[in-house]
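> In the numbering used here, the protein residues as written are 54 to 428.
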Ligand SMILES: Nc1ncnc2c1ncn2[C@@H]1O[C@H](COP(=O)(O)OP(=O)(O)OP(=O)(O)O)[C@@H](O)[C@H]1O
Ligand SMILES: [Mg+2]
């Protein structure tokens, strides 16, 4: 699939954009703070209806304006799809999403129309960063491939916050035990669904990542991803999940009431990455972290291809310069061989050999404007 056209109004530092892109390589060249990342953010927003940066939606509106609009035309095997998202602070209805001109009511109906894999410098933190970052990686992938998962995750979060609210009041109101039991069962059911789905997807993503990692390291490194329930319980089989959760629920009950919060469930889980059996977080070198993240990203491309029959868009924010020549070449070859539409930002106008059969377009980004020629 590819993004044929992008239209922006008042999105970050872009006042108006109306641009056609190549189905292959689009290189966005510009100095710092000109709008390169903002452009990738807008494309990713079109795919997910959310910003991947820690921003509130209102912050995406251009300063001193009261709305933004992001629109795009996607070409895929399904044909042509128009996506439009408007966010308005001036009216009651803040956000409006349309797919092929029809208003949709749920974000989950947007997902899947445009699929993206984003690789940004902050992703290099996935391995060392907080568990929340690793969960987000998995949740994003699953939601894009399977919008039903996103719905279930929202339900889980609602039950979780109800349960936390109840737990906060319980010490002084022990009579709420019955109510807690109802929420326990709901949290257990939703949590079980979510973890099982994560395990299914990990069962696909993990071997793909291992394959790429072996290729990137000439077969030297055996990469593994494990799912960890509640910081310590390694789990592989979906059939084990429910029993483990039940036991966690029982084990933590008193503590939960005392501390006023839920102490088990998919919001407390984590992924553990290892190379040749050693935990990457504690033993990996800088280079191994970079290579592993690249391997995960390339595996995500294959994952989406296997799920939907089509490669997603690849958004590369400033990562070429983070990779050594060898890794960069492998990345370029992967993109080229699979004819993946790719948006690559760079502060330098250096040229890369993409081969004769790949079309490459350079666009120059300057203060929120996209130009075909260098000024
Ligand atoms: N809501 C907004 N309205 C107007 N301008 C904004 C808004 N949000 C961010 N900006 C501006 O957009 C500019 C460009 O940001 P962006 O992150 O896209 O730069 P970049 O080209 O990726 O730079 P770098 O090479 O440093 O990563 C920033 O200087 C910021 O001030
Ligand atoms: Mg940037």
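Ideal Cβ positions, reconstructed from N, Cα and C, are used throughout, including at glycine.
#1: Among the residues of its own chain, which have a CB less than 8 Å from the CB of residue 332, if the five just before and after it don't count?
#2: What residues does ligand 2 have around it, judged by CB closer than 7 Å to any heavy atom, in chain order?
#3: Taking the alpha carbon of residue 141 as the reference point, which residue from 149, 134 and 135 has its own alpha carbon closest?
#4: At what residues does the beta strand (DSSP E) containing residue 280 begin and finish?
#5: Let me confirm a value: residue 235 is counted as buried when at least 16 other C-beta atoms fall within 10 Å, else exposed. Which label applies?
#6: Note down the Cα distance separating residue 103 from residue 88, rounded to an integer number of angstroms.
#7: Just how far apart, CA to CA, sit residue 167 and residue 304?
#8: Alpha carbon to alpha carbon, how far is residue 172 from residue 154?
#9: Heavy atom of ligand 1 less than 7 Å from the Cβ of residue 86, yes or no?
#10: Mind listing, in chain order, the continuous alpha helix (DSSP H) runs of no fewer than 4 residues lying wholly within the region 179-215?
#11: How is residue 244 classed by DSSP in three states: helix, strand or coil?
#12: Is any heavy atom in ligand 1 found nearer than 7 Å to the beta carbon of residue 400?
#13: Using CA coordinates, which residue listed in 202, 311 and 179 is at the minimum distance from residue 252?
#14: Check each candidate in 83, 72, 68 and 55 and name the one with the smallest Cα separation from residue 398.
#15: With a Cβ-Cβ cutoff of 8 Å, do residue 418 and residue 322 count as a contact?
#16: My assumption, with CB atoms under 8 Å, is that residue 121 sits in contact with residue 115. Please give the rounded CB distance.
#17: Identify the residues that DSSP records as bridge partners of residue 157: which are they?
#18: Considering just the uninterrupted stretch of the beta strand (DSSP E) at residue 135, what are its terminal residues?
#19: Alpha carbon to alpha carbon, how far is residue 229 from residue 217?
#20: Where do the ends of the beta strand (DSSP E) carrying residue 323 lie?
#21: Between 401, 403 and 395, which lies nearest to residue 75 when the distance is taken from Cα to Cα?
#22: What does residue 273 pair with, by DSSP beta-bridge criteria?
#23: Since residue 430 contacts residue 380 with CB under 8 Å, what's their CB separation in whole angstroms?
#24: Along the beta strand (DSSP E) that carries residue 422, what are the first and last residues, could you check?
#25: Short of 6 Å in beta carbon distance, which residues of its chain neighbour residue 263, apart from the five on each side in sequence? Order them along the chain.
#26: Using the C-alpha atoms, what's the distance from residue 164 back to residue 196?
#27: Below 8 Å on the Cβ atoms is my contact criterion, and I expect residue 157 with residue 98 to pass it. Report the Cβ-Cβ distance as a whole number of Å.
#28: When the Cα atoms are used, what is the spatial distance from residue 183 to residue 428?
#29: Taking residue 58 as the reference, which of 378, 92, 85 and 179 has the closest Cα?
#30: For the pair the region 127-137 and the region 55-71, tell me if three or more CB-CB distances fall below 8 Å.
#31: Please indicate yes or no: does the CB of residue 65 lie closer than 7 Å to some heavy atom of ligand 1?
#32: Confirm, please, whether the CB-CB distance from residue 246 to residue 187 is below 8 Å.
#33: Would you give the residue range spanned by the alpha helix (DSSP H) that residue 287 belongs to?
#34: Which residues share a DSSP beta bridge with residue 235?
#35: Can you tell me whether residue 109 is helix, strand or coil according to DSSP?
#36: Give the DSSP-derived three-state secondary structure of residue 308 in the structure shown.
Reading it off the structure:
#1: 325 and 326
#2: 89, 90, 370, 371 and 398
#3: 149
#4: 276-282
#5: exposed
#6: 18 Å
#7: 43 Å
#8: Taking the straight line joining both Cα atoms gives about 30 Å.
#9: Yes, since a heavy atom of ligand 1 falls inside the 7 Å radius drawn around the Cβ of residue 86.
#10: 184-198
#11: Looking at residue 244 - three-state DSSP - the assignment turns out to be helix.
#12: At least one heavy atom of ligand 1 lies closer than 7 Å to the C-beta of residue 400.
#13: 202
#14: 83
#15: no
#16: That belief holds up - the Cβ atoms of residue 121 and residue 115 are roughly 7 Å apart, short of 8 Å.
#17: 150
#18: 132-141
#19: 13 Å
#20: Per DSSP, the unbroken beta strand (DSSP E) holding residue 323 starts and ends at 323-328.
#21: Ranked by Cα distance from residue 75, the options 401, 403 and 395 are led by 395.
#22: Residue 273 pairs with nothing; no bridge assigned.
#23: Past the edges of the chain, shown from 54 to 428, lies residue 430, and the structure says nothing about it.
#24: Residue 422 -> beta strand (DSSP E) spans 422-424.
#25: In the same chain as residue 263, and ignoring 5 residues on each side of it, the C-beta atoms closer than 6 Å to its own belong to 276, in chain order.
#26: The alpha-carbon atoms of residue 196 and residue 164 are separated by roughly 7 Å.
#27: The Cβ separation is near 15 Å, so there is no contact.
#28: Approximately 42 Å between the Cα atoms of the pair.
#29: 92
#30: yes
#31: In terms of side-chain proximity, the C-beta atom of residue 65 is found nearer than 7 Å to a non-hydrogen atom of ligand 1.
#32: no
#33: For residue 287, no alpha helix (DSSP H) encloses it; the enclosing beta strand (DSSP E) starts and ends at 286-288.
#34: Residue 235 pairs with nothing; no bridge assigned.
#35: coil
#36: helix
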